[in-house]
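Throughout, the working numbering is defined as the position within the sequence shown, counted from one, plus 55.
Ideal Cβ placement from N, Cα and C applies to all residues, glycine included.
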Amino acid sequence: SRTVVILGASDKPERVSNMLLQRLKARAGYDPVPVNPVLETIDGVPVRRALAEVAPGPDVLTVYVGPRHSDLLESDIVALRPRKVLFNPGAENPELEARLREAGIDTESACSLVLLGQGLL
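Okay, here's the thing in structure tokens:
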């Protein structure tokens, strides 16, 4: 299965990060790993409080937090070594993307929901 870490996962159904979690849960072959410092579970899925609590090497890290937060997580993202980091609309961070690419991590600014719908996540 493909491990998809959702940084900034929300328990609010109207949030895109929650919509992604629900769709990943409903599809075979995906292992969603929500990350949020204040939530314990989202619809029965255990939430990690920090990236450091996630096993290294996930297939995708999808980012739903803005640059103010993601900049502070650069070393955690590098240590996580995801195959790809997706920056969703509103979470774009070109400077961090460049630094992650320099560290050998593939990045893309794209909507994870759209990529999932196209079979590209």
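Assigned secondary structure, residue i (DSSP; H/G/I helix, E/B strand, else coil)
i	result
K67	coil
V169	helix
E147	coil
Euclidean distance between Cα positions of residue i and residue j
i	j	result
L79	I97	13 Å
N73	K67	6 Å
G121	N143	9 Å
V133	A107	11 Å
Reference residue i, options the options, closest by Cα
i	options	result
P137	C166, D86, P111, A107	P111
V90	I61, K67, G84	I61
K139	P101, Q77, L170	L170
R123	E69, R57, G63	G63
Y119	L168, E157, R156	L168
D86	R70, A165, V109, C166	V109
V100	V59, E163, E157	V59
DSSP beta-bridge partners of residue i
i	result
S125	Looking at the DSSP assignment, S125 forms no beta bridge with any residue, so it has no partner.
L62	V90, V118
P101	T96
V140	L116, T162
Minimum Cβ-Cβ distance from residue i to chain D less than 8 Å
i	result
P144	The structure shown contains no chain D; it is built from a single protein chain.
CB-CB length for residue i against residue j, believed under 8 Å
i	j	result
V88	P113	7 Å
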